[in-house]
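In full-length UniProt numbering, the protein residues as written are 1 to 1047.
In this text, a Cβ means the ideal position worked out from N, Cα and C, and glycines have one as well.
Let me begin by presenting the structure, written as structure tokens, before commenting on it.
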Amino acid sequence: MTALSCIASPVLPTDELPLRTALIWDLYRYVGSRYSDRTYARILEVVDNTCVLRDVSWGKLLRDSQDTADALWQGMPESDNVSVGILGSSNYEYVVHVVACWLNKWTPLPLSTRNSPETCHYLLQSVNAIALIADPNFHSDAQKLRDSGFEIAVIPFHRRDMDLTPATASVKVKEGLQRLTHSLEDIIVYTHTSGSQGHPKTIPITHRHFLATIRSRSASAFSGCSVYAPLPVFHGMGLYSLTRWPLGSGVVPILLDLRRPITIDVVSQHLRMLPDVVAFLPPSILEDALAHDTYTTALAGARRVFFAGAPLREAAGECLIRREVKLASAYGMSEVSLLSVLQPESPGSRDIWQYVRLRDDSYRLEFRAVDDSAARELIVCPGADDAPSVVNSTDPAGFATNDLWLPHPTQRGLWKYIGRKDSLTVLSTGEKTDDRELENLILRDGRIALVVVYGSGKPYNGVILQFSPAAEMLNVSLDDVWPTIEYANSVVPRHSRLLMNMVLIARADKHFVLSDKGTVRKTETLALYEEEIKASYERTDTVREMSTAAPYPRTFSQEHIHDYLRGLVVRIRGEAVSDDQDLFDAGLDSLHALQIRAAVMQILSAPTIASTEIPLNIAYSHPTIQALTNFIVNCLHGEDRKSPTAQSVDAIQPSIQRFCQGLTASKHILGQPSASSGHVVALTGSTGSLGCHLLQHLLKDPGVRLIYCLPRWNQGVDAASEQFHAMKQRGLGSDPLREALEQGRLQFCPIKLASPDLGLDESLAIRLRSEVTHIIHAAWHLNFNWPLERFEPVYVAGTRYLVDLALSSLRTPAPRFIFISSVGAVGGYNQRVAVPERAINDAGVASSQGYGRAKYVCERVLVEASNAGLQVAIVRPGQLSGGIEHGVWSLKEHIPMLINASLVLGKIPEDLPPLRWLPVDVAAEAIVELSLRSEQQQVSVHHIENSVATPWTEAVNMLKEAADLPLDIVPNSVWLEALQRGHSACAIPAVALLQFYSDWLVAEKSWVTLDVTETSLVCPMLRYGKVTPCLMQKYVRYIMRSMRNPR
């Protein structure tokens, strides 16, 4: 990943700004002119699969906004009250259009893209909007409004070149605008609620309130920091973070293009390149982060992680705290803006992460008792410097939030949010469903007597329907009342819509629990249906029964499948999408991805179709209608039945040819070797599990004079600190590392594997070419779901670029190149004998996963490099286990994930290959010994695996004893079904490797054994012996301690 440094500092809280009397458009002109070179925001975008940060100055924002304002002005009437809607994907251009409206003295209403056309119509009409500004992706939505008879002008987004060079604009206020008069009480922008209490309601924000929220400087404790809040501009918090904070608090917001769903994968990728960032994330993302320590490590790198919008499960929060995430709660509402105090972490703050301290400098806050409990409702009353935008309470006068709070038992002024007073279901995304509205819409159907909404704390809501006695007599089914559900879905906000398998029908022996007045007692009724509700989420998570379309196309011809998918997308999105358009660019989200997979499953589960495995991420890996059509047609013809990683072997050879192209003989200057004695080792991947132990053994070796660690470049990350942290995680001492750094024996030189020159400056490259005697390349990404092509740009290419570095050495001979390959490179070897210790020129020996195939490609590149004069050692480790002393085992590997899943499920597979686990510290010792010994061969291949096997039956007994939990030993297929049935990757990380386990557990031919005869002669430590109960206990306890385990 690459990033550009800031152009200059942001506008700081100490800078002079007219925040008492200036109108907002004047304020933006003032800042854009006086502080034109200061940084307004940073745009984070993906360019060629690489995250890039680009800076936007205040001068740039003003210039772009003025250009856009001029373009939008054409044809619009001059008036004191011009209100316009804005509908589009949230990005920099959206912000420009909001500011452009202000410069034209218009009042914008940013509209949620989740709104139905009817809702947009209602909102626009409520503010007397005369125009709707729409980006091209939403132009058809805008046109629907006109087609419905709503008289409104539709103006397309103004498109400009994305030139991000800093510039100042010569701003001249239009003559017509100079004549218009305005006051601080005028409305500068409308926001709107989510529609959680009937129709969404607009919230007017005046100039006075806007200025007051800037003056509150609510984030000034983080002045100078970047703020990462992946929320759209039309969201209250999104608008707040992109307008008030840059003006008043001295923070720099990160601007994203939010057309694609924000997932924990995306968030962690972003956070890794934003060190010390202040992050604002919904609880659903934080809970997803617990699936992998990679995600929590990314969160732990943030200066502060605030969550808001919904409660975070206590167990999830505590787990994040244990994983060093600096977690805190925040609170705000569109009607009153941000209310909580935002503070950096302080001693003791980790014990109160669920509590907030509410600001009382702008408002007067009152807490009203609602019953005999300690719970209080928050009322926000006008204060010294601000007043709520909405007043709905007279005693006291102010805004009644309907939010309930509990005071901290001992610390005065701290409050914990516990839920809503009104009839809302708060989803884990922070969005809210109005239960009463949904129930009333459904109860319009006379066949339905009672409705209960469920889903609090879940990503989506559902309902339970109880039919009337007459309907029960007529055997009315869900299909009969489904048109009623579809009508309700057309009215409620998108996040509240019902999926078919989330609509439950009450059982005859489980009628709803009613009060004396005949109303539903919701708590007791939901408790009665606890198992059914749980099962509905299980079905949705595995996408077995969810569809919005007819079960099958008319025929299984390519034409009819194509038409079927087109119709499906129309039903999901509401309009057609071109065959080659990316579905997620067109506005589909993760929920739609589940529906698409359900539809594909229904086609391929027809009785006439052979059983076919459908990848869980089918919509993401085939993101166009044409790609999905091709996938289904290939499956119908018996092809492409596995995940995208199970590519044809034919894809491997072109990759080898591409990365071998241009390999030439070593260009090093012939002459005498360097006079200095001792080995100089360049090591990649030193923060990984194996890499840490390799570094430890290199530091111990007196024959190693100098070590260059070559970690991946990451802006703002101190490589030495990362190394210390990695060593600490694995229970390795830091003293040898610190001593080597002080002596200059260890140096860190970050590199960019995807760059041909590895991102090295010329002087450092010359130093490496002059000094390095050995290159040990251990850096690799562990992901069994990636296809070969995902590994190519960074990892395969990076291997080739390191080879080029070695071949350009100024030494004689060139450095020895030791490549840490994998058993996966020969995972398809099926000769019923152990894999020999030699290079194998047969692409068919590589495993079916992209991981093993990429390793195989690198092996062949290295063999070719040996013909160019490079001495090469290929090391194929088998299953490396955790270290002997502490049992620390990388939780991203498939064995720890399998053990964790088995403990959660209470089941363990009965038939796995004999264990040849070798502790990683033993393996590292062997690899260092092999790397530094003299070799005569130009290419040598070494296998690192325990030569003594432990039968799986013995291992299971040791595992059960170590866990002290009941475990049923079941057939592999039963274990796989249990893993897949209704469990999410958040609860059981192994779910993310379902495809891998499905391939591995049912195919004995993939259980290869590595021949270690020759390597064990040099490294007798490979005859390590069987796994002992003591070692198994260390592994199991570490896994249980580190991974979420609901049992």
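Continuous beta strand (DSSP E) stretch holding Tyr122: start and end: The residue labelled residue 122 in the question sits at position 122 within the sequence shown. That residue, Tyr122, is in no beta strand (DSSP E); its alpha helix (DSSP H) goes Pro117 to Ser126.
Kindly list the residues whose CB is nearer than 7 angstroms to the CB of Pro951, restricted to its own chain and excluding five residues on each side of it in sequence; keep chain order. Working through the sequence shown from its first residue, we reach residue 951 at position 951. Taken in chain order, the residues that qualify are Pro914.
So, under 8 angstroms CB-CB, Ile776 and Ile818 are touching, yes? Tell me the CB distance rounded to an integer number of Å. Looking up residue 776 in the sequence shown gives position 776. Looking up residue 818 in the sequence shown gives position 818. Between Ile776 and Ile818, the beta carbon gap of about 5 angstroms places them in contact (Cβ cut-off 8 angstroms).
Within 10 Å of its beta-carbon, does Thr21 have 16 or more other beta-carbons around it, so buried, or fewer, so exposed? As a working mapping, residue 21 is identified with position 21 in the sequence shown. By the neighbour-count criterion, in which a residue is buried when 16 or more other Cβ atoms sit within 10 angstroms of its Cβ, Thr21 is exposed.
May I have the straight-line CA-CA distance separating Glu575 from Asp141, to the nearest angstrom? Locating residue 575 in the sequence shown gives position 575, where the first residue counts as 1. Locating residue 141 in the sequence shown gives position 141, where the first residue counts as 1. Our two residues, Glu575 and Asp141, have alpha carbons roughly 9 angstroms apart in a direct line.
Looking at C-alpha atoms only, which residue of Leu918, Val970, Arg42 and Asn501 is the closest neighbour of Val1027? Working through the sequence shown from its first residue, we reach residue 1027 at position 1027. Closest option to Val1027, Cα to Cα, is Leu918.
By Cβ distance below 6 angstroms, which residues in the same chain neighbour Ser611 in space, the five residues on each side in sequence not counted? Taking the first residue of the sequence shown as position 1, residue 611 is located at position 611. Residue placement at Ser611 cannot be trusted, given a pLDDT of 48 that sits under 50; what the coordinates show is reported in the next sentence. Apart from sequence neighbours up to five positions away, no residue of its chain approaches Ser611 with a beta-carbon distance below 6 angstroms.
Any heavy atom of the ligand GTP closer than 7 angstroms to the CB of Gly869? Judged by which ligands are present, the structure shown has none, so any question about the ligand GTP falls away.
Considering only the alpha carbon of each residue, which of Thr812, Leu788, Ala814 and Leu17 lies closest to Ala843? Locating residue 843 in the sequence shown gives position 843, where the first residue counts as 1. Nearest neighbour of Ala843 by Cα position, chosen from Thr812, Leu788, Ala814 and Leu17, turns out to be Leu788.
My parser needs the alpha helix (DSSP H) runs of 4 or more residues fully inside the stretch 667-755; what are they? Qualifying alpha helix (DSSP H) stretches, in chain order: 689-700, 719-729 and 735-743.
Quick one: grab the DSSP three-state call for His894. Along the sequence shown, one-based indexing puts residue 894 at 894. His894: helix per DSSP, three-state reduction.
Residue nearest to Leu87 in terms of C-alpha spacing, selected from Pro654, Leu124 and Gly59: As a first step, residue 87 is located in the sequence shown; it is residue number 87 there, counting from the start. Of Pro654, Leu124 and Gly59, the residue nearest in Cα terms is Leu124.
Within the same chain, show all residues whose beta-carbon is closer than 8 angstroms to that of Arg705, passing over the 5 residues directly before and after it, in chain order. Stepping through the sequence shown from its first residue, residue 705 is reached at position 705. Excluding positions up to five away in sequence, the list reads Ser676, Ser677, Gly678, His679, Val680 and Arg745.
Mapping the DSSP letters down to three states, classify Cys660 as helix, strand or coil. The residue labelled residue 660 in the question sits at position 660 within the sequence shown. In the structure shown, Cys660 sits in a helix (DSSP, three-state: H, G or I).
Do Pro344 and Arg313 have their beta-carbon atoms positioned less than 8 angstroms apart in this structure? For this step, residue 313 is matched to residue 313 along the sequence shown. For this step, residue 344 is matched to residue 344 along the sequence shown. Not in contact: Arg313 and Pro344 (Cβ atoms no closer than 8 angstroms).
Can you look up Asn489 in the DSSP assignment and give me helix, strand or coil? Against the sequence shown, residue 489 aligns to sequence position 489. Helix, per DSSP.
Exposure label - Val1036; buried when at least 16 CB within 10 Å: In the sequence shown, the residue the question calls residue 1036 occupies position 1036. It is buried - the Cβ of Val1036 has at least 16 other Cβ atoms within 10 Å.
Assign Trp1007 to one of two classes, buried (16 or more other C-beta atoms within 10 Å of its C-beta) or exposed (fewer than that). Against the sequence shown, residue 1007 aligns to sequence position 1007. With fewer than 16 other Cβ atoms inside 10 Å of its own Cβ, Trp1007 counts as exposed.
Roughly how many angstroms lie between the CA atoms of Val974 and Leu256, to the nearest whole one? Here residue 974 is taken as the residue at index 974 of the sequence shown, counted from 1. Here residue 256 is taken as the residue at index 256 of the sequence shown, counted from 1. Answer to the nearest angstrom: the Cα atoms are 43 angstroms apart.
Determine, using beta carbons only, whether Val370 and Thr401 come nearer to each other than 8 angstroms. Position 370 of the sequence shown, counted from the first residue, corresponds to residue 370. Position 401 of the sequence shown, counted from the first residue, corresponds to residue 401. Contact check for Val370 against Thr401 fails: the beta carbons are separated by 8 angstroms or more.
Three-state secondary structure assigned by DSSP to Gly567: Taking the sequence shown and counting its residues from 1, one reaches residue 567 at position 567. The answer is helix: DSSP assigns Gly567 an H, G or I state.
Hey, could you find the ends of the beta strand (DSSP E) His637 is sitting in? Within the sequence shown, numbered from 1, the residue matching residue 637 stands at position 637. His637 -> no beta strand (DSSP E), and no H or E assigned at all.
Distance check for Met237 and Ser393, CA to CA, integer angstroms please. What you label residue 393 is simply residue 393 of the sequence shown in a count that begins at 1. What you label residue 237 is simply residue 237 of the sequence shown in a count that begins at 1. Per the coordinates, the alpha-carbon of Ser393 lies some 24 angstroms from the alpha-carbon of Met237.
So Ala779 and Gly685 are in contact, right, with Cβ under 8 angstroms, and what is the actual spacing, rounded? In the sequence shown, the residue the question calls residue 779 occupies position 779. In the sequence shown, the residue the question calls residue 685 occupies position 685. At roughly 3 angstroms, the Cβ-Cβ gap stays under 8 angstroms, so Ala779 and Gly685 are in contact.
Just verifying my parser: in three-state terms, what is the DSSP assignment at Trp415? Numbered from 1 along the sequence shown, position 415 holds the residue referred to as residue 415. Residue state, collapsed to three classes: strand.
Suppose you measure from the CA of Leu19 to the CA of Leu242; what does that come to, to the nearest Å? On the sequence shown, residue 19 is found 19 positions in, with the first residue counted as 1. On the sequence shown, residue 242 is found 242 positions in, with the first residue counted as 1. Taking the Cα positions, Leu19 is about 17 angstroms away from Leu242.
For the stretch 688-702 and the stretch 880-900, state whether three or more C-beta atom pairs, one from each stretch, are separated by less than 8 angstroms. The stretch 688-702 is in contact with the stretch 880-900.
Pick helix, strand or coil for residue 1067, following the three-state DSSP scheme. Only positions 1 to 1047 of the chain appear in the structure, and residue 1067 is not among them; the question remains open.
Have a look at Met1040 and Asn900 and give me their C-alpha separation to the nearest angstrom. In the sequence shown, counting from the first residue as 1, residue 1040 sits at position 1040. In the sequence shown, counting from the first residue as 1, residue 900 sits at position 900. Distance from the CA of Met1040 to the CA of Asn900, rounded to the nearest whole angstrom, comes to 7 angstroms.
What are the boundary residues of the beta strand (DSSP E) that Glu314 is part of? Position 314 of the sequence shown, counted from the first residue, corresponds to residue 314. Segment Glu314 to Arg322 is the alpha helix (DSSP H) holding Glu314; no beta strand (DSSP E) there.
Buried versus exposed, by CB contacts within 10 Å (16 or more), Cys1030: In the sequence shown, counting from the first residue as 1, residue 1030 sits at position 1030. Flag for Cys1030 reads exposed.
How would you write the range of the beta strand (DSSP E) that Pro253 sits in, first residue to last? By 1-based counting over the sequence shown, the position of residue 253 is 253. Per DSSP, Pro253 belongs to the beta strand (DSSP E) from Val252 to Leu256.
Selection from Thr773, Glu837 and Leu898 that minimises the alpha carbon distance to Gln871: Locating residue 871 in the sequence shown gives position 871, where the first residue counts as 1. Across the set Thr773, Glu837 and Leu898, the C-alpha of Thr773 shows the shortest separation from the C-alpha of Gln871.
May I ask you to report which of helix, strand or coil DSSP gives Tyr529? What you label residue 529 is simply residue 529 of the sequence shown in a count that begins at 1. Residue state, collapsed to three classes: coil.
Shortest alpha-carbon distance to His693 belongs to which of Ile884, Ile874 and Ala873? Your numbering for residue 693 matches position 693 in the sequence shown. Taking only the C-alpha atoms, the option nearest His693 is Ile884.
Three-way DSSP call (helix, strand, coil) for Gln466 in this model: Along the sequence shown, read from residue 1 onward, the residue named residue 466 stands at position 466. Here Gln466 sits in strand by DSSP.
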